[in-house]
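Take a look at the structure below.
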Amino acid sequence: AMNTLDSSSASTSSTTSTTPETENPARVVIDVFPTAKRPHRNRAASMQLSVKEGLVLLPEFQGQPEWCGPLAASRGSKARSVALKIIDRAKIITANLEIGDGKDVSDEMWLPPLPVLEDLYDTRSRKDILMAFKELSQQCHQILEAQPMVAQVSSPCKIFGNIGGQLRDLLLLFRAYGFPSHVGGDAEYVSYIFNGGLVGGGAHQLECLSLIMALKVLYPTRVWLVRGGPEFQEASEPGGHRPFAQQCSAAFPAAPGQGDHGPFYALARTVFEWLPLAAVVDAGVLVVHGGVGDGSFGLDDIAAVPRPLHSLQDSPVAFQVVWSGPAEEESASTSTPRRPPGAAAFPARVTEAFLAANGLSMAVRSQ
């Protein structure tokens, strides 16, 4: 056994979305230590794990409930108001999803993107949507900058991989497995990891990113975002299938001086460049988008990758964490049709050695 769970294929430990007509359905990978019981944790210990070592929190970030954690948007702030609105609107959309006679439609054939975006933000004004997204991105950036490159996450934990801008799939998963909310949901005692591929390929990438960022702003130590290939400019800009930058510029065209892909994309990049590359659940379960490369690096090397990280060309370690993956045969290779040149395909022995060297018991990947 490779001690690796892969969200790109169904297994006894994974549950897929009920949207068989979707070309690349979003998947929930594994429910780590599933339990309905509310855990009892030391508040100071939780705060220490969720922020960078040695960071001194300002007073306005210290008074949040434990399930919100430090760094949560303060009451009365614009970012909190925007996040609450998006989450509430997403709940309404989720409740109204229709699945009849066991049939379903793909995310692409579901609803046109722009009306859904307007529904989430509860306005038809593109200017108001952009201003609201700016509030989210600034708060999210502030949170991510204060949190480590390898996020420390507590169980119970749900891990979602490669949502890929497929909002309908994401909402169906929330309806099936619980919505991350402190009102009618489980955000008070369950952690969530979105393991890369937040955007990329789907018809509702702006909507997915808005919702996931809203969750991060409201629950910064319950909701964790791990960076994947689509969150790097090499994959998100023109050249790929339905690139994120193209959707951004179509909805929010660039004005003079706003870059090639418009203001929405520019704001999203300020968030992407601070996303962690990995998460560790209960000090034992590694969560990365891609893999462990050839095994020549460890958790400390991942944690030491500097941010903001603009491009995968800036860090060989980041490149392997995002794009490497398990090899079907015992010999390691870098020749695979699904990965860019240089991305390692590692055999089981490399995974086992990496886990042992870093005191881990399992690896979860989603690329």
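Using the numbering used here, read the sequence shown as starting at 193 and increasing by one per residue.
Cβ atoms here follow ideal geometry from the backbone N, Cα and C, with glycine treated the same way.
From a predicted model like this one, the values you see are computed outputs, not experimental measurements.
Notebook entry, point to check: Among residues of its own chain, excluding the 5 on either side of C440, which ones have a beta-carbon nearer than 6 Å to its beta-carbon?
Noted result: H453, G454, F456, Y457
Check: Going along the chain, which residues of its own chain have a beta-carbon closer than 7 Å to the beta-carbon of D506, five neighbours each way excluded?
Finding: none
Margin query: Tell me which residues share the same chain as L547 and place their Cβ nearer than 8 Å to its Cβ, disregarding the 5 neighbours each side in the sequence.
Written below: N195, L478, S553, M554, A555
Margin query: Given a cut-off of 7 Å on the beta-carbon distance, is the pair V418 and S329 in contact?
Written below: no
Margin query: I want to know whether the stretch 303-318 touches the stretch 270-286 - three or more CB-CB distances under 8 Å.
Written below: yes
Next item on the list: With a threshold of 16 other CB atoms inside 10 Å of the CB of M301, please say whether the residue is buried or exposed.
Entry: exposed
Next item on the list: Compare the Cα-Cα distances from F386 to each of R461, L365, L491 and report the closest residue.
Entry: L365
Margin query: Quick check on D320: buried or exposed, where buried means 16 or more other Cβ atoms within 10 Å of its Cβ?
Written below: exposed
Item checked: As assigned by DSSP and simplified to three states, the class of M323 -> helix
Item checked: Beta-ladder partner(s) of V513, from DSSP -> V513 pairs with nothing; no bridge assigned.
Notebook entry, point to check: Beta-carbon of L407 versus every beta-carbon of chain B: anything under 7 Å?
Noted result: This model lacks chain B altogether, as it is built from one protein chain only.
Checklist line | Within the stretch 283-367, ranges of the beta strand (DSSP E) (whole runs, at least 3 residues) | finding: 342-345, 349-353
Check: If you count every other CB in all the chains shown that lies within 10 Å of the CB of G261, and 16 or more means buried, which is it?
Finding: buried
Notebook entry, point to check: Just checking, does the stretch 374-388 make contact with the stretch 335-342 on the three C-beta pairs under 8 Å criterion?
Noted result: no
Check: According to the Cβ coordinates, are G394 and G357 closer than 7 Å?
Finding: yes
Next item on the list: List in chain order: all unbroken alpha helix (DSSP H) runs of 4+ residues lying wholly within the stretch 391-437.
Entry: 397-410, 425-428
Next item on the list: If I'm right that G517 touches G490 with Cβ under 8 Å, what's the distance once you round it to whole angstroms?
Entry: Going by Cβ atoms, the distance from G517 to G490 rounds to 18 Å, so no, they are not a contact pair.
Note to self: In the DSSP assignment, the alpha helix (DSSP H) including V472 goes from what residue to what residue?
What the structure shows: Looking at the DSSP string, V472 is not in any alpha helix (DSSP H); the run it does join, the beta strand (DSSP E), is 470-473.
Check: How would you write the range of the alpha helix (DSSP H) that F371 sits in, first residue to last?
Finding: F371 -> no alpha helix (DSSP H), and no H or E assigned at all.
Notebook entry, point to check: When we look at the beta-carbon of A496 and count the other beta-carbons within 10 Å, is it buried (16 or more) or exposed?
Noted result: exposed
Next item on the list: Give me the Cα-Cα distance between E544 and C349, rounded to the nearest whole angstrom.
Entry: 23 Å
Item checked: DSSP bridge partner residues for S383 (one or two, in chain order) -> C349
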